[in-house]
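J.:
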Amino acid sequence: MYLFFSDLDGTLLNDEKKVTDKTLDAIKAYLAAGNQFVIASGRASESILGVLRRAGLPTEDIVIVSYNGGHTWRTKDGATIAKHTIPLETARIIRDLCRESGIYLQTYHKHKVVASTEGEELDYYLTNSRMEAILTDDILEFGEEPYKMLAIALDGHEKLLELQERIRGDCGGITTLFSEPSFLEIMPSDSGKGNAILDVAKYFGVDIENTYAAGDADNDLSMLQAAGHAVVMCNGTDSAKALADIITTTDNNHDGLAEIIRALAAPAGFTS
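First residue of the sequence shown? That's 833 in our numbering, and the numbers climb one at a time after it.
1) So for residue 993, helix, strand or coil by DSSP?
2) Quick one: Cα of residue 956 to Cα of residue 947, how far?
3) Between which two residues does the beta strand (DSSP E) holding residue 915 run?
4) Going by the CB atoms, is the gap between residue 983 and residue 995 shorter than 8 Å?
5) Take residue 1068 as the anchor and find which of 1085, 1060, 1059 has the nearest alpha-carbon.
6) Can you check which of these residues, 875, 885, 1072, 1014, is closest to residue 901 by C-alpha distance?
7) Mapping the DSSP letters down to three states, classify residue 1089 as helix, strand or coil.
8) For the segment 886-903 and the segment 862-870, state whether three or more C-beta atom pairs, one from each stretch, are separated by less than 8 Å.
9) So within the segment 882-911, which uninterrupted beta strand (DSSP E) runs reach at least 3 residues, ignoring any that extend past its ends?
10) What would DSSP say about residue 1010, mapped onto helix, strand or coil?
11) Assuming contact is defined by CB atoms lying nearer than 8 Å, are residue 835 and residue 1032 in contact in what I supplied?
12) Report all residues from its chain with a CB closer than 8 Å to the CB of residue 977; omit the five preceding and five following residues, and keep chain order.
13) Quick check on this structure: which residue in 1097, 1008, 1054, 1043 has the alpha carbon closest to the alpha carbon of residue 800?
14) Of the choices 880, 1090, 963, 1019, whose alpha-carbon is the least far from that of residue 944?
15) Helix, strand or coil for residue 1041? Go by DSSP, reduced to three states.
16) Using the Cα positions of residue 951 and residue 1057, report the straight-line distance between them to the nearest angstrom.
17) In angstroms, rounded to a whole number, what distance separates the CA positions of residue 1047 and residue 1060?
18) To the nearest angstrom, how far is it from the Cα of residue 1093 to the Cα of residue 1043?
19) Give me the Cα-Cα distance between residue 1070 and residue 968, rounded to the nearest whole angstrom.
20) How would you write the range of the alpha helix (DSSP H) that residue 859 sits in, first residue to last?
21) Between residue 791 and residue 1096, is the Cβ-Cβ spacing less than 8 Å?
22) With burial defined as no fewer than 16 other Cβ atoms inside 10 Å of the residue's Cβ, what is the status of residue 980: buried or exposed?
23) Assign residue 952 to one of three DSSP states: helix, strand, or coil.
24) Give the DSSP-derived three-state secondary structure of residue 1004 in the structure shown.
25) If you draw a straight line from the alpha carbon of residue 846 to that of residue 1045, how long is it in whole angstroms?
26) Helix, strand or coil for residue 844? Go by DSSP, reduced to three states.
27) Would you tell me roughly how many angstroms separate the C-alpha atoms of residue 973 and residue 853, rounded to the nearest one?
28) Are residue 903 and residue 877 closer than 8 Å when you measure CB to CB?
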């Protein structure tokens, strides 16, 4: 059995947020050969499932790594494989830093976005994720330790860089990274897509050598490092490409992953 971990945006999905027919056929052949397909994304679980259903991907028995590794679970029975959360005390510090800096911050509750303000950041996120939002004065009012928090600044990457430095100085046990220039992902240090690979491989009893991870961005780096084989999209960042064992010959708009996934459905597997 192979485990194939795939990022969504910029990797499995094209720029129209769809999976091409050629890639979809390759995934179906890969699953039919007895392998396991894992979606690893910074998105919330509900957003991931929505994308997969709209794309026509099989969801009966796959593994989903949501919130950049915050929650890893199996669709077959809903079983949690692993979860990692931000302690409430730390989450409150991050919330207050964003308030002081005037930066939009969101978290999640029961498959919905939790935000304290309406505006272009929330609209942008909801449009792309197709999720619903809960508006509240305090995004931590539900008393839950968040899987992750997301700071968004559509008007300036520099503001998020400054926030990142403040979080690093004031909050221990937290990892911050950019999934895109306007999205600062904030999560517990024991989370991350890389740890999810180890968790899922252990769960299925699969050797790391038989794991593949495909990504394009800096929030995929830990996953690319942890997998037995790192697949990076030709449209990926330089940081991601530096870790690649395989770089796709075409980008996410032109079936970049299809050849590799289909090859893993064959008895001989993929040979680069």
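From the three backbone atoms N, C-alpha and C, an ideal C-beta is built for every residue, glycine too.
T.: Short version:
1) On the sequence shown, residue 993 is found 161 positions in, with the first residue counted as 1. In the displayed model, residue 993 falls within a helix according to three-state DSSP.
2) One-based indexing of the sequence shown puts residue 956 at position 124. One-based indexing of the sequence shown puts residue 947 at position 115. One C-alpha to the other measures close to 13 Å.
3) For the purposes of this step, residue 915 is taken as residue 83 along the sequence shown, with counting starting at 1. It spans 912-915 - the beta strand (DSSP E) in which residue 915 sits, taken as one unbroken run.
4) Taking the first residue of the sequence shown as position 1, residue 995 is located at position 163. Taking the first residue of the sequence shown as position 1, residue 983 is located at position 151. Contact check for residue 995 against residue 983 passes: the beta carbons are separated by less than 8 Å.
5) Here residue 1068 refers to the residue found at position 236 of the sequence shown. Ranking 1085, 1060, 1059 by Cα distance to residue 1068 puts 1085 first.
6) Taking the sequence shown and counting its residues from 1, the one referred to as residue 901 is at position 69. The shortest C-alpha separation from residue 901 is found at 875.
7) Here residue 1089 corresponds to residue number 257 of the sequence shown, with the count starting at 1. Of the three classes helix, strand and coil, the one that applies to residue 1089 here is coil, per DSSP.
8) Contact annotation: the segment 886-903 touches the segment 862-870, with at least three C-beta pairs closer than 8 Å.
9) DSSP runs (the beta strand (DSSP E)) wholly in the segment 882-911: 895-898, 903-906.
10) Here residue 1010 is taken as the residue at index 178 of the sequence shown, counted from 1. Assigned with DSSP and collapsed to three states, residue 1010 falls in strand.
11) In the sequence shown, residue 835 corresponds to position 3, counting from 1. In the sequence shown, residue 1032 corresponds to position 200, counting from 1. Going by C-beta atoms, residue 835 is nearer than 8 Å to residue 1032.
12) Here residue 977 refers to the residue found at position 145 when the sequence shown is read from its first residue. Taking residue 977 as the centre and dropping the five residues before and after it, the same chain places the C-beta of 917, 918, 919, 920, 923 closer than 8 Å to its C-beta, in chain order.
13) Residue 800 falls outside the range modelled here, since the chain spans only 833 to 1104, and no answer is possible.
14) Taking the first residue of the sequence shown as position 1, residue 944 is located at position 112. Comparing alpha-carbon positions, the option among 880, 1090, 963, 1019 lying closest to residue 944 turns out to be 963.
15) Within the sequence shown, residue 1041 is the residue found at index 209, counting from 1. Reduced to three states, the DSSP call for residue 1041 is helix.
16) Here residue 951 refers to the residue found at position 119 when the sequence shown is read from its first residue. Here residue 1057 refers to the residue found at position 225 when the sequence shown is read from its first residue. The C-alpha of residue 1057 is placed about 37 Å away from the C-alpha of residue 951.
17) Your numbering for residue 1047 matches position 215 in the sequence shown. Your numbering for residue 1060 matches position 228 in the sequence shown. Each residue's alpha carbon lies about 14 Å from the other.
18) Translated into the one-based positions of the sequence shown, residue 1093 becomes position 261. Translated into the one-based positions of the sequence shown, residue 1043 becomes position 211. Those two C-alpha atoms are separated by around 12 Å.
19) Working through the sequence shown from its first residue, we reach residue 1070 at position 238. Working through the sequence shown from its first residue, we reach residue 968 at position 136. Cα to Cα, residue 1070 sits roughly 39 Å from residue 968.
20) The residue labelled residue 859 in the question sits at position 27 within the sequence shown. Unbroken alpha helix (DSSP H) run through residue 859: 853-864.
21) Since the first residue of the chain shown is 833 and the last is 1104, residue 791 is not available in this structure.
22) Residue 980 sits at position 148 when you count from the first residue of the sequence shown. Under a 10 Å Cβ-count criterion, residue 980 is classified as buried, with 16 or more other Cβ atoms of the shown protein chains found around its own Cβ.
23) For the purposes of this step, residue 952 is taken as the residue at position 120 of the sequence shown. If DSSP states are grouped into helix, strand and coil, residue 952 belongs with the helices.
24) Here residue 1004 corresponds to residue number 172 of the sequence shown, with the count starting at 1. It is coil, neither helix nor strand.
25) What you label residue 846 is simply residue 14 of the sequence shown in a count that begins at 1. What you label residue 1045 is simply residue 213 of the sequence shown in a count that begins at 1. Annotation: residue 846 to residue 1045 spans about 18 Å, alpha carbon to alpha carbon.
26) Indexing the sequence shown from 1 puts residue 844 at position 12. Three-state DSSP puts residue 844 in coil, outside helix and strand.
27) Locating residue 973 in the sequence shown gives position 141, counting from the first residue. Locating residue 853 in the sequence shown gives position 21, counting from the first residue. C-alpha separation (whole angstroms): 43 Å.
28) Stepping through the sequence shown from its first residue, residue 903 is reached at position 71. Stepping through the sequence shown from its first residue, residue 877 is reached at position 45. Yes. Within cutoff.
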